[in-house]
Amino acid sequence: MKLAIKSVLLGLSIFAAFCALLIVSASAVEARPMSKEKKVITTTNHAAYVSGAGRAVSVNVEKPAGEALSVKFTNDHGNVLAEQFLTSKQSGTYGMSFNVEQLPDGVYHVRIVGKETDGKYTFTLKTPDTDVPARSLKVL
(Lines of atoms letter the chains of each structure in order from A and count residues from 1; the text may use other names and numbers.)
(Lines give C-alpha, C1' and ligand atoms only; values in the text may rest on other atoms or scores of the structure.)
Protein backbone atom coordinates (compact mmCIF):
# COMPACT_ATOMS: atom_id res chain seq x y z
CA MET A 1 0.00 0.00 0.00
CA LYS A 2 2.82 2.41 0.91
CA LEU A 3 4.59 1.59 -2.36
CA ALA A 4 1.46 2.42 -4.35
CA ILE A 5 1.04 5.76 -2.56
CA LYS A 6 4.70 6.63 -3.10
CA SER A 7 4.41 5.73 -6.79
CA VAL A 8 1.33 7.91 -7.21
CA LEU A 9 2.99 10.84 -5.42
CA LEU A 10 6.13 10.48 -7.55
CA GLY A 11 4.03 10.41 -10.71
CA LEU A 12 2.09 13.51 -9.63
CA SER A 13 5.28 15.43 -8.83
CA ILE A 14 6.80 14.59 -12.23
CA PHE A 15 3.54 15.59 -13.90
CA ALA A 16 3.49 18.91 -11.98
CA ALA A 17 7.07 19.72 -13.05
CA PHE A 18 6.20 18.98 -16.67
CA CYS A 19 3.07 21.16 -16.45
CA ALA A 20 5.11 24.05 -15.01
CA LEU A 21 7.43 23.92 -18.03
CA LEU A 22 4.43 23.86 -20.37
CA ILE A 23 2.88 26.84 -18.60
CA VAL A 24 6.01 28.92 -19.21
CA SER A 25 6.10 27.91 -22.86
CA ALA A 26 2.38 28.38 -23.42
CA SER A 27 2.12 31.59 -21.44
CA ALA A 28 4.52 33.44 -23.70
CA VAL A 29 1.86 35.55 -25.33
CA GLU A 30 2.14 35.68 -29.09
CA ALA A 31 3.81 38.87 -30.24
CA ARG A 32 1.39 41.25 -31.90
CA PRO A 33 1.51 44.81 -33.18
CA MET A 34 0.74 47.32 -30.43
CA SER A 35 -0.30 50.22 -32.64
CA LYS A 36 -1.29 50.84 -36.22
CA GLU A 37 0.34 54.25 -36.34
CA LYS A 38 1.94 55.11 -39.69
CA LYS A 39 5.44 56.22 -38.72
CA VAL A 40 8.70 55.22 -40.34
CA ILE A 41 10.84 53.02 -38.10
CA THR A 42 14.47 52.81 -39.20
CA THR A 43 16.16 51.12 -36.23
CA THR A 44 15.26 48.36 -33.79
CA ASN A 45 14.45 49.45 -30.24
CA HIS A 46 13.56 47.14 -27.38
CA ALA A 47 12.85 47.09 -23.65
CA ALA A 48 12.24 44.40 -21.03
CA TYR A 49 10.58 45.10 -17.69
CA VAL A 50 8.82 43.41 -14.78
CA SER A 51 5.02 43.44 -14.93
CA GLY A 52 2.09 41.92 -13.09
CA ALA A 53 3.52 42.54 -9.60
CA GLY A 54 6.58 40.40 -10.37
CA ARG A 55 4.66 37.57 -12.02
CA ALA A 56 5.77 38.27 -15.59
CA VAL A 57 8.53 39.73 -17.72
CA SER A 58 7.22 41.93 -20.53
CA VAL A 59 9.18 42.72 -23.69
CA ASN A 60 8.44 45.47 -26.21
CA VAL A 61 10.19 45.51 -29.57
CA GLU A 62 9.99 48.20 -32.24
CA LYS A 63 11.35 46.90 -35.55
CA PRO A 64 11.79 48.34 -39.02
CA ALA A 65 10.15 46.85 -42.11
CA GLY A 66 11.79 43.72 -43.47
CA GLU A 67 13.85 42.81 -40.39
CA ALA A 68 13.13 39.43 -38.81
CA LEU A 69 13.76 39.14 -35.08
CA SER A 70 13.85 36.35 -32.52
CA VAL A 71 13.00 36.91 -28.85
CA LYS A 72 14.25 34.09 -26.61
CA PHE A 73 13.55 33.51 -22.93
CA THR A 74 16.30 31.28 -21.45
CA ASN A 75 17.53 30.04 -18.10
CA ASP A 76 21.11 30.52 -16.90
CA HIS A 77 22.17 27.22 -18.53
CA GLY A 78 21.10 28.49 -21.97
CA ASN A 79 18.00 26.28 -22.25
CA VAL A 80 15.29 28.04 -24.27
CA LEU A 81 12.09 28.14 -22.21
CA ALA A 82 10.08 30.19 -24.73
CA GLU A 83 10.74 31.83 -28.09
CA GLN A 84 8.86 34.27 -30.34
CA PHE A 85 9.69 35.10 -33.95
CA LEU A 86 8.84 38.51 -35.38
CA THR A 87 8.91 37.86 -39.11
CA SER A 88 6.34 40.36 -40.37
CA LYS A 89 7.61 42.38 -43.32
CA GLN A 90 5.87 45.45 -41.89
CA SER A 91 7.44 47.75 -39.35
CA GLY A 92 5.76 48.10 -36.00
CA THR A 93 5.87 47.81 -32.25
CA TYR A 94 5.31 44.35 -30.81
CA GLY A 95 4.71 43.28 -27.23
CA MET A 96 4.91 39.93 -25.46
CA SER A 97 4.88 38.69 -21.89
CA PHE A 98 6.53 35.68 -20.24
CA ASN A 99 4.87 34.29 -17.10
CA VAL A 100 7.49 33.42 -14.46
CA GLU A 101 5.26 32.39 -11.53
CA GLN A 102 6.02 28.67 -11.81
CA LEU A 103 9.76 29.00 -12.43
CA PRO A 104 12.28 28.09 -9.73
CA ASP A 105 14.56 30.77 -8.31
CA GLY A 106 17.54 31.57 -10.50
CA VAL A 107 18.97 33.78 -13.23
CA TYR A 108 17.08 34.12 -16.52
CA HIS A 109 17.71 35.99 -19.77
CA VAL A 110 15.65 37.61 -22.52
CA ARG A 111 17.59 37.94 -25.77
CA ILE A 112 16.47 39.83 -28.87
CA VAL A 113 18.42 38.83 -31.97
CA GLY A 114 18.15 40.05 -35.56
CA LYS A 115 20.34 40.76 -38.56
CA GLU A 116 21.58 44.03 -37.07
CA THR A 117 20.29 43.66 -33.50
CA ASP A 118 21.53 41.80 -30.44
CA GLY A 119 20.02 42.84 -27.11
CA LYS A 120 20.13 40.94 -23.83
CA TYR A 121 18.34 41.48 -20.53
CA THR A 122 19.21 39.50 -17.41
CA PHE A 123 17.02 39.17 -14.36
CA THR A 124 17.08 37.26 -11.10
CA LEU A 125 14.08 35.48 -9.67
CA LYS A 126 14.35 35.03 -5.92
CA THR A 127 11.93 33.95 -3.23
CA PRO A 128 12.71 35.86 -0.02
CA ASP A 129 13.17 34.29 3.40
CA THR A 130 10.12 32.86 5.14
CA ASP A 131 9.64 36.10 7.12
CA VAL A 132 8.52 37.88 3.94
CA PRO A 133 5.90 35.92 1.96
CA ALA A 134 6.30 37.82 -1.35
CA ARG A 135 8.57 36.87 -4.25
CA SER A 136 10.83 39.43 -5.94
CA LEU A 137 11.83 39.86 -9.58
CA LYS A 138 14.59 42.25 -10.58
CA VAL A 139 15.83 43.23 -14.06
CA LEU A 140 19.60 43.72 -14.14
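If you use the numbering used here, the sequence shown corresponds to residues -16 to 123, in order.
All C-beta atoms in this analysis are idealised placements derived from N, C-alpha and C, irrespective of residue type, glycine included.
Coarse secondary structure for residue i, derived from DSSP in three states
i	result
Ile24	coil
Ser80	strand
Ser74	coil
Beta-carbon proximity check, residue i vs residue j, cutoff 8 Å
i	j	result
Gly97	Leu52	yes
Thr100	Leu123	no
Arg118	Gly37	yes
Residue i - containing beta strand (DSSP E), residue span
i	result
Ala65	Val63 to Leu69
Arg94	Gly89 to Gly97
Leu86	Note, Leu86: premise wrong, no beta strand (DSSP E); not H, not E.
Glu45	Ala39 to Lys46
Leu123	Note, Leu123: premise wrong, no beta strand (DSSP E); not H, not E.
Gly102	Asp101 to Lys109
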